[in-house]
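Single-structure report; data block below.
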Amino acid sequence: MRFVGESVTRVEDRRILTGRGHYIDDVRLPGMLHAAFLRSPFAHARITRMDTTEARNLPGVVAVLTGADIEAVTVPIQVMPQFPDFNSPVYQAMATDRVRFVGDPVAIVVAQSRYVAEDALELINVEYDPMRPVVSFEDAQDPNCPRIFDDIEGNVLYRSNSTHGDVDAAFAAADTVIHETFRQSRQANVPMETRGAVADFDPGSGDLTYYAATQSPQGCRFQLATYLNHPIDRVRVLSGDVGGGFGLKGPVHREDISLAAASRIVGRPIKWIEDRNEHLQASGHARDEQIEVEAAVTSDGRLLGLKARLLIDQGAFPCLPYAAVLFPNMIRDLLPGPYRFGAMSFEGLVLATNKCWNPPYRGPWEIETWVRERLMDVIAHRLGMDPADIRRANMFDGDEEDRSITGQHLAGITSRQSLERALDLAGYSAIRAAQELARREERLLGVGFATFLEAAPGPKENRVIPEDARVRLESNGHLLVMTPQGPHGQGHETTLAQIAADAMGLPLDHVRVVHGDTRQTPMNLIGTGGSRASTWASGSVMVTTRKVREKALGVAAAMMEIDASDLDIVDGMVVPAGAPSKAMPLSAIAMTAYLAPETLPPGTDHHLEAQETFTGDGVGGSGWSGGTHLCVVEIDRETGRVEIVRYVVVEDCGQIINPAIVEGQIRGGVAQGIAGVLYEKAAYDAEGQFLAGTFMDYLLPTATEIPSIEIDHLESVPVEGLDIRGVGEGGALVAPAALTNAIEDALVPLGVTINEQYLPPSRIMELTRMVPA
Amino acid sequence: MNRHPVHVKINGVDRDGYVEARKTLVDFIREDLELTGTHVGCEHGVCGACTVLVDGQAVRSCLMFAVQAEGCEIRTIEGMAGPDGELHPLQAAFRDNHSFQCGFCTPGFMMTAASLLEEGPLSEDALRHELSGNLCRCTGYQSIVAGVMDAFERVSDSTGEGGR
Chain F
0 MRFVGESVTR VEDRRILTGR GHYIDDVRLP GMLHAAFLRS PFAHARITRM DTTEARNLPG
60 VVAVLTGADI EAVTVPIQVM PQFPDFNSPV YQAMATDRVR FVGDPVAIVV AQSRYVAEDA
120 LELINVEYDP MRPVVSFEDA QDPNCPRIFD DIEGNVLYRS NSTHGDVDAA FAAADTVIHE
180 TFRQSRQANV PMETRGAVAD FDPGSGDLTY YAATQSPQGC RFQLATYLNH PIDRVRVLSG
240 DVGGGFGLKG PVHREDISLA AASRIVGRPI KWIEDRNEHL QASGHARDEQ IEVEAAVTSD
300 GRLLGLKARL LIDQGAFPCL PYAAVLFPNM IRDLLPGPYR FGAMSFEGLV LATNKCWNPP
360 YRGPWEIETW VRERLMDVIA HRLGMDPADI RRANMFDGDE EDRSITGQHL AGITSRQSLE
420 RALDLAGYSA IRAAQELARR EERLLGVGFA TFLEAAPGPK ENRVIPEDAR VRLESNGHLL
480 VMTPQGPHGQ GHETTLAQIA ADAMGLPLDH VRVVHGDTRQ TPMNLIGTGG SRASTWASGS
540 VMVTTRKVRE KALGVAAAMM EIDASDLDIV DGMVVPAGAP SKAMPLSAIA MTAYLAPETL
600 PPGTDHHLEA QETFTGDGVG GSGWSGGTHL CVVEIDRETG RVEIVRYVVV EDCGQIINPA
660 IVEGQIRGGV AQGIAGVLYE KAAYDAEGQF LAGTFMDYLL PTATEIPSIE IDHLESVPVE
720 GLDIRGVGEG GALVAPAALT NAIEDALVPL GVTINEQYLP PSRIMELTRM VPA
Chain D
0 MNRHPVHVKI NGVDRDGYVE ARKTLVDFIR EDLELTGTHV GCEHGVCGAC TVLVDGQAVR
60 SCLMFAVQAE GCEIRTIEGM AGPDGELHPL QAAFRDNHSF QCGFCTPGFM MTAASLLEEG
120 PLSEDALRHE LSGNLCRCTG YQSIVAGVMD AFERVSDSTG EGGR
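So the protein sequences, as listed, match chains F and D.
Sequential numbering of the first sequence, starting at 0, is according to numbering that gives the first Met the number 0.
Sequential numbering of the second sequence, starting at 0, is according to numbering that gives the first Met the number 0.
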């Protein structure tokens, strides 16, 4: 390994640093028009009348298409109808007779410029008959509330029930039962680049080329073909640089289908770039969830059992193709985390409300970590124990037979090591001493920590969705690596090149990673998401490159008349063992294979290209990413400001490909986790009106709010093969728990229990009773 | 709608345009002048992605009309590297400190930082304050702060290069 493990300079950097990136809004095609969507101002209403005449007559307007126009040329959407027990409603790409959230698209204007398209929006007259909106958890479970979808009874779209172990026995044996309801607020992915696309239907060829800002080019192609009823061989998705996504750009959005349909109707390329207001209100929200939990514990701090009831407010439409119905069972499986207890009952509901839909957001199952780690601290505080000791008393060691109550095989986990390392690095006892001093001065100093596990890729028995790569040795001896991934900041062009360069024996700049052209890359619906890149994409590039190496060595062996097993590839040279002077450049081998294959002995495989599937075979290690984050805060009683004094991360993501990229992923995730606690809320009022439509309302943290984050790695060196694990989601998963634990710890003298995640200064002031609640 | 002539000098090159009065400076730069390195992140002056230098001052080009830039000197991210392609110390420092991930906010940070470089080094706290007008969703800011701090050092180590 020469490049894996090094913070090599990113391949992507030069174009980005010089202003020559290729983001979606940089696409410009001849004859291109511009689109803007008219959106519903009501949470729930019937459309009684729509008049587009005036808009159509505005000079520069090419078309005004309503929901009905789009409905006529597309297939109704139904997400995951095969998912057991999921009441999956059928819905349209744009609203037709009824709007279901503030921001629901009702018309699309196509015009010569975006300025004109937005002018025309003002000229469309829509009359609405408002209906009672379904806004809260209570509304959604109330059978007297209006149905959001006529084809679904009620607004509970999914209910999952399960029992693991003997729950009654566990609660009967308990000394104490602790009962809390932990509530999160709506947050959003909010990449700095909003959604956008250019749809280019060519009436001559019938080809639809869709320039997308997507995390999954092949997934986008598949869904467009499906919902436009367009032959998939005539749908091509092209994706360049993507300005962030965090899950939001994995789904295919209703606007994507509408835009592509509009291009097919108009017969010209159309660009749509969402503005920030649309983005905040209509692109996607997440984390609108709560878990009511009862914990059976002994007086010495052993957890015996849990009862958990999860509610997810998924908004109006199930997200395409990742409906929130996917999350309850993931949350259930991961809720026990690294802790040993013998019984759990679980109920999980997915509720429809008149709000924006719920795409995946960086660790979509995050509430399992937050609630579990919050609960451990609540138990500790109730029993008068140290939060570290309660974890030590219940944590698995990662032994071969270790298995959580929900069946997760936890052999090899390093939770305990990460906990002890974090406490040690932070100087835990010194922090406690400082806290004692602070409390004497009536200062609110707190320390909190939390431990997470992420199945990235998960233990061997869980691995289900394989991934392919395609690799070609070009005639100049350089390697082309084609991946179905849709990178959006993670630096795949660098990390996958590091893997391939090492696997082939090439200089780094002899490897070119290609993504974002569905005519070149293998099929894979997921793309970049679920921390799959470092595990599945890396694995597929490794096994495929090995195959190409074997083929190249076969050709070299024939040319050099040396057995392939006596050949190695070093820095792009094919080197015979013990005879370095007879080395040949790989380019000479490749040139012969391409231009003069007839000179090779009969039967020589001269095709220097391969597509292989990575199934997880040959992966060492536990499969579990994880770690412990520790946070120290001081709370200003006068202002309610929470200052993060220190933030320490101990992370285990197996073997590290590129430390700088890994640390960037961790810090970015932590920043989003902190933001969800202290700054960000996608708020609605009681009528379902959206309240956070600008960056003055939806507060992204800045450089003054996110602290320096200290990172330590528990890196394991694989015995053989590779042990690379995902790292993209861990920071966002665990930071809310570490921070809210620290906040509660600071407020212990005031007897405060934190059971909500969103804690802006105004709420802290209420909790500290500086202002009335 | 009436159009108005606009003349600017952008990255040292004289350019003319003919635009509606309502056209924002960033749209003029991206669409009319075809310099797409400057990005649009919020169109309400909060995120800073569209930051460019107008007569040496960092401004949000989404909050300014193109016609207001009449006669001004503008510098964008495309004007940072030398004519031979040599990276500006800020660009090199951003690269070496992994100061960005998706890169969408980077041009804005770069231009904000470019204006700070003119004024000389800052403490980390002061720098964080100065950078708080630009939003990044990927990095958690630490690597950006490190990149700009590094650039301050590079510029003070090789005077003459940084003033470019």
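Cβ atoms here follow ideal geometry from the backbone N, Cα and C, with glycine treated the same way.
Per DSSP, the unbroken alpha helix (DSSP H) holding F:CYS219 starts and ends at 216-227. In terms of beta-carbon proximity, D:THR138 lines the interface with chain F, with at least one pair separated by less than 8 Å.
Under the Cβ criterion of 8 Å, D:CYS135 is counted among the residues facing chain F. When DSSP states are grouped into helix, strand and coil, F:THR693 belongs to the coil group.
Within the DSSP bridge table, the entry for F:GLU288 names F:ILE311 as partners.
Only residues of its own chain outside the window of five on either side were considered, and among them GLY397, ASP398, GLU399, GLU400, ASP401, PRO458, SER621 have a CB closer than 8 Å to the CB of F:ALA410, listed in chain order. F:MET191 has a beta carbon lying within less than 8 Å of a beta carbon in chain D.
In terms of Cβ geometry, D:CYS104 and D:LEU130 do not form a close pair [threshold 8 Å].
Annotation: the stretch 641-669 of chain F contains the following complete segments of the beta strand (DSSP E) (minimum length 3 residues), in chain order: 641-651. When beta bridges are read from the DSSP output, F:PRO575 appears opposite F:LEU566. Around the beta-carbon of F:VAL3, 16 or more other beta-carbon atoms lie within 10 Å, marking it buried. F:GLY246 sits close to F:ASN188, with the two beta carbons spaced by under 8 Å. In the DSSP annotation of this structure, the continuous segment of the alpha helix (DSSP H) that includes F:ASP423 starts and ends at 414-425. A distance of 8 Å or more separates the beta carbons of F:VAL197 and F:ALA119.
F:ALA71 has its alpha-carbon roughly 38 Å from the corresponding atom of F:ALA532. Using a Cβ-Cβ cut-off of 8 Å, F:PHE694 is close to CYS41, HIS43, VAL45, CYS46, LEU134 of chain D, given in chain order.
F:MET503 sits in a helix when the DSSP states are folded into three classes.
F:ARG194 and F:GLU288 do not touch by the CB rule: their CB atoms are close to 23 Å apart, not below 8 Å. Residues of the same chain with a CB within less than 7 Å of the CB of F:PRO335, apart from the 5 flanking positions on each side, are MET343, SER403, ILE404, THR405 in chain order.
Residue pairing by DSSP places F:ASN160 opposite F:GLU346 in a beta bridge. Within chain F, the residues whose beta carbon sits less than 9 Å from that of D:THR75 are GLY18, listed in sequence order. Closer than 7 Å at the C-beta level to chain D, one finds these residues of the stretch 668-684 of chain F: VAL669, ALA670. A distance below 7 Å between beta-carbons, with the five flanking residues on each side excluded, links F:LEU524 to the following residues of its chain, in chain order: SER215, GLN217, GLY218, PHE221.
Sequence-distant partners of F:ILE412 (beyond 5 residues in either direction) whose C-beta falls short of 7 Å from its own C-beta, in its chain, are PRO337, PHE395, GLY397, LEU452, SER621, TRP623, GLY625. Burial is judged here by how many other beta carbons sit within 10 angstroms of a residue's own beta carbon; F:MET481 has at least 16 and is buried.
The Cβ-Cβ distance between D:VAL25 and D:GLY16 does not fall below 8 Å. In this structure D:GLN56 is exposed. Its beta-carbon is surrounded by fewer than 16 other beta-carbon atoms within 10 angstroms. Contact between the stretch 630-641 of chain F and the stretch 436-446 of chain F is present: 3 or more CB-CB pairs across the two stretches fall below 8 Å. For D:PRO88, none of the residues of chain F pass the 9 Å Cβ criterion, the least Cβ distance being about 12 Å.
Per DSSP, F:PRO700 has no beta bridge partner at all. Here F:ASN328 is not bridged, per DSSP, to any residue.
A Cβ-Cβ separation of about 4 Å places F:LEU690 in contact with F:ALA682 under the 8 Å criterion.
With contacts defined by Cβ atoms closer than 8 Å, D:ALA65 and D:LYS8 do not form a contacting pair.
For F:PRO268, the secondary structure class from DSSP, reduced to helix, strand or coil, is coil. Within the stretch 329-406 of chain F, the runs of alpha helix (DSSP H) that reach at least 4 residues and sit entirely inside it are, in chain order, 366-382, 386-393.
With contacts defined by Cβ atoms closer than 8 Å, F:ARG19 and D:GLY146 do not form a contacting pair.
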